[in-house]
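Residue numbers (the UniProt record's numbering), protein chains in the order written: chain A, 1 to 159; chain B, 1 to 159.
Every residue gets a Cβ at the ideal spot worked out from N, C-alpha and C, and that includes glycine.
Since this is a predicted model, take the numbers as computed values, not measurements.
There are 2 protein chains.
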Amino acid sequence: MTIDELDARLITLLTAEPRLGVLECSRRLGVARGTVQARLDRLAERGVITGFGPDVSPAALGYDVTAFVTMEIRQVAGHDPVADRLARIPEVLEVHTITGDSDLLCRVVARTNADLQRVIDRIVDVQGVLRTNSIIALDTPVPYRVLPLVADVPRREGR
Amino acid sequence: MTIDELDARLITLLTAEPRLGVLECSRRLGVARGTVQARLDRLAERGVITGFGPDVSPAALGYDVTAFVTMEIRQVAGHDPVADRLARIPEVLEVHTITGDSDLLCRVVARTNADLQRVIDRIVDVQGVLRTNSIIALDTPVPYRVLPLVADVPRREGR
DNA sequence: CGATGAGTGCACAATCTGCCTAGTCATGCG
DNA sequence: CGCATGACTAGGCAGATTGTGCACTCATCG
Chain A
1 MTIDELDARL ITLLTAEPRL GVLECSRRLG VARGTVQARL DRLAERGVIT
51 GFGPDVSPAA LGYDVTAFVT MEIRQVAGHD PVADRLARIP EVLEVHTITG
101 DSDLLCRVVA RTNADLQRVI DRIVDVQGVL RTNSIIALDT PVPYRVLPLV
151 ADVPRREGR
Chain B
1 MTIDELDARL ITLLTAEPRL GVLECSRRLG VARGTVQARL DRLAERGVIT
51 GFGPDVSPAA LGYDVTAFVT MEIRQVAGHD PVADRLARIP EVLEVHTITG
101 DSDLLCRVVA RTNADLQRVI DRIVDVQGVL RTNSIIALDT PVPYRVLPLV
151 ADVPRREGR
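Given below as structure tokens:
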């Protein structure tokens with residue numbers, strides 16, 4: 001599944017100014033309104049654009065500490081029951097099963113380092129979790145982004 | 001900085017149905033339109049909502065492999081020059097400076113495992129990078145989310 | 001008590017959206 | 001080659017929404 005250059009320009013435009021309407025987009029991109037509508041519909045249909053949700057900053061809510069916690073789990077139980085329980089902890093923002101020494105990697109936030117301890121305690125409390133290892137993110141020189149990827153795809157695919 | 005229960009409901013609603021307009025939100029939440037507008041403006045102003053960008057799925061673009069790469073860097077140079085160069089690699093979606101044995105943690109995507117090798121090679125090529133260690137995310141039982149946190153804040157803050 | 005901030009209801013003009021039609025153009029296929 | 005198909009353009013229309021302003025109420029606070 002791929003996108004062309006117009007798709008990339010559309011996504012880039014909407015990322016820069018998300019509140020733009022379809023009509024305004026068509027003007028900026030120099031194409032007909034119907035085209036923009038059709039493109040957006042198709043991008044959503046194909047799953048390239050999964051939503052337009054508001055991006056909430058945990059830091060703005062007072063969660064200034066971000067950490068990555070890897071953990072070993074009791075393998076007999078499997079990943080899912082553990083992941084389900086982790087999902088019930090609001091501060092756990094993301095969970096992955098991974099290769100390597102550990103079994104799961106999750107991204108957590110907390111209000112302070114002391115608060116992080118509380119969150120980790122909750123994680124350790126989860127049944128099936130044997131051991132955890134925490135890495136604190138001190139700074140984020142490159143925040144999550146997808147734009148460069150989007151801009152790159154049409155190029156790689158031969159326009 | 002905190003949010004109240006109405007803010008939380010608003011964010012939850014918009015996350016569930018991002019294409020809703022202000023008017024529709026006010027109807028669903030049972031408040032006046034002006035209130036919704038004022039809340040949104042304030043949330044954006046305070047940085048709680050940083051944007052409404054389209055959420056693009058790398059997987060839908062063919063980037064099915066996600067990995068976390070930790071790396072040691074030549075400390076004398078500092079983090080920033082390295083982060084800047086990493087930022088030029090489209091497949092690098094996120095970079096953090098971290099505590100622990102390594103200095104940087106980044107999230108990368110690739111089309112295949114073989115393609116991941118190419119991406120890692122590009123990372124290793126970055127000046128200042130001494131050693132890397134890759135962990136592949138096999139599955140993501142809990143995809144990135146903030147909603148539980150948003151719903152939790154008003155509760156913790158005594159409504 | 002008066003000031004202030006927040007929310008409500010209402011109104012108006014300007015705009016945009018959803019939907020539809022018709023015509024053009026390039027591609028692919030029998 | 002001729003035709004069907006998909007994508008894009010250019011308009012059009014009715015209805016809904018947005019941005020903005022205004023007057024009024026209510027609760028909090030010094």
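Secondary structure, alpha helix (DSSP H): runs of 4+ residues fully inside the segment 38–115 of chain B = 79–87
Whole angstroms is fine: what's the gap from THR86(B)'s alpha carbon to GLY51(B)'s?
For the purposes of this step, residue 86(B) is taken as the residue at position 86 of the second sequence. For the purposes of this step, residue 51(B) is taken as the residue at position 51 of the second sequence. As written in the sequence, residue 86(B) is Leu, which differs from the Thr given in the question. Approximately 24 Å, taken between the alpha carbons.
### Task
Note down, in chain order, each residue of its chain lying with its Cβ closer than 7 Å to the Cβ of GLU94(A), except the 5 sequence neighbours on either side.
Taking the first sequence and counting its residues from 1, the one referred to as residue 94(A) is at position 94. Answer for GLU94(A): CYS106, ARG107, listed in chain order.
Consider the Cβ of ALA83(B): report whether some Cβ of chain A lies at a distance smaller than 7 Å. Position 83 of the second sequence holds residue 83(B). Yes - at least one Cβ of chain A is within 7 Å of the one on ALA83(B).
| Among all the DSSP beta bridges, which residues are the ones paired with THR132(A)? | Locating residue 132(A) in the first sequence gives position 132, where the first residue counts as 1. Note: THR132(A) sits in a beta bridge opposite MET71(A).
Exercise. Rank LEU10(A), LEU104(A), LEU14(A), GLU45(A) by C-alpha distance to the C-alpha of VAL69(A) and give the top, closest one.
Key: For the purposes of this step, residue 69(A) is taken as the residue at position 69 of the first sequence. For VAL69(A), the nearest C-alpha among the options comes from LEU104(A).
| query | Which residues in chain B sit within 8 Å of LEU138(A), going by Cβ to Cβ distance? | reply | Within the first sequence, the letter at position 138 stands for residue 138(A). Those are HIS96, THR97, ILE98, THR99, listed as they occur along chain B.
Q. Hey, is ASP55(B)'s beta-carbon within less than 7 Å of any beta-carbon in chain A?
A. In the second sequence, residue 55(B) corresponds to position 55, counting from 1. With 7 Å as the cut-off, ASP55(B) counts as an interface residue toward chain A.
Note to self: Within a Cβ cutoff of 6 Å, which residues of the same chain sit near ILE11(A), ignoring the five residues on either side of it in sequence?
What the structure shows: In the first sequence, counting from the first residue as 1, residue 11(A) sits at position 11. Correct list, in chain order: VAL150.
Q) In terms of residues, what are the limits of the alpha helix (DSSP H) holding GLU24(B)? A) Sequence index remark: in the second sequence, residue 24(B) carries index 24 (1-based). Element bounds for GLU24(B): 22–29.
Report task. Could you run through the segment 111–127 of chain B and flag, in chain order, every residue whose CB is less than 8 Å away from some CB of chain A? Result -> none
Next on the checklist: If the cut-off is 9 Å on Cβ atoms, which residues from the segment 54–78 of chain B count as contacting chain A, listed in chain order?
Outcome noted: PRO54, ASP55, VAL56, SER57, PRO58, ALA59, ALA60, LEU61, GLY62, TYR63, THR66, ALA67, PHE68, THR70
Rounded C-alpha distance that separates ILE123(B) from VAL31(B):
Stepping through the second sequence from its first residue, residue 123(B) is reached at position 123. Stepping through the second sequence from its first residue, residue 31(B) is reached at position 31. So the alpha carbons of these two residues sit roughly 51 Å apart.
At a CB-CB cut-off below 7 Å, which residues of chain B make contact with ALA87(A)? Counting from 1 along the first sequence, the entry for residue 87(A) is found at position 87. Result: VAL142.
To the nearest angstrom, how far is it from the Cα of LEU13(B) to the Cα of LEU6(B)? The count along the second sequence starts at 1 and reaches residue 13(B) at position 13. The count along the second sequence starts at 1 and reaches residue 6(B) at position 6. Near 10 Å, if we compare the C-alpha coordinates of LEU6(B) and LEU13(B).
So, for ARG159(A): in the same chain, excluding its five sequence neighbours on each side, which residues have a beta-carbon less than 8 Å away from its beta-carbon?
Here residue 159(A) refers to the residue found at position 159 of the first sequence. Low local confidence applies: a pLDDT of 48 at ARG159(A) is under 50, so the model's placement there is unreliable, and no value is given.
If the criterion is Cβ atoms closer than 7 Å, does the pair PRO66(B) and VAL109(B) meet it? One-based indexing of the second sequence puts residue 66(B) at position 66. One-based indexing of the second sequence puts residue 109(B) at position 109. For clarity, residue 66(B) is Thr in the given sequence; the question names Pro instead. Contact flag set, yes.
Practice item. Compute the Euclidean distance between the alpha carbons of ALA137(A) and HIS96(B), then round it to the nearest angstrom. Key: Here residue 137(A) is taken as the residue at index 137 of the first sequence, counted from 1. Here residue 96(B) is taken as the residue at index 96 of the second sequence, counted from 1. Answer to the nearest angstrom: the Cα atoms are 6 Å apart.
Inset, instruction - Could you have a look at ALA137(B) and say whether DSSP puts it in helix, strand or coil? - result: In the second sequence, counting from the first residue as 1, residue 137(B) sits at position 137. Strand.
Quiz item: Name the residues in the segment 17–33 of chain B whose C-beta lies less than 9 Å from a C-beta of chain A; which are they?
Solution: PRO18, ARG19
When DSSP builds the beta bridges, which residues end up paired with VAL126(A)?
-> If you number the first sequence from 1, residue 126(A) lands on position 126. In DSSP, VAL126(A) forms no bridge with anything.
**OP:** Have a look at GLU17(A) and PRO58(B) and give me their C-alpha separation to the nearest angstrom.
**Re:** On the first sequence, residue 17(A) is found 17 positions in, with the first residue counted as 1. On the second sequence, residue 58(B) is found 58 positions in, with the first residue counted as 1. Distance between the alpha carbons of GLU17(A) and PRO58(B) is about 21 Å.
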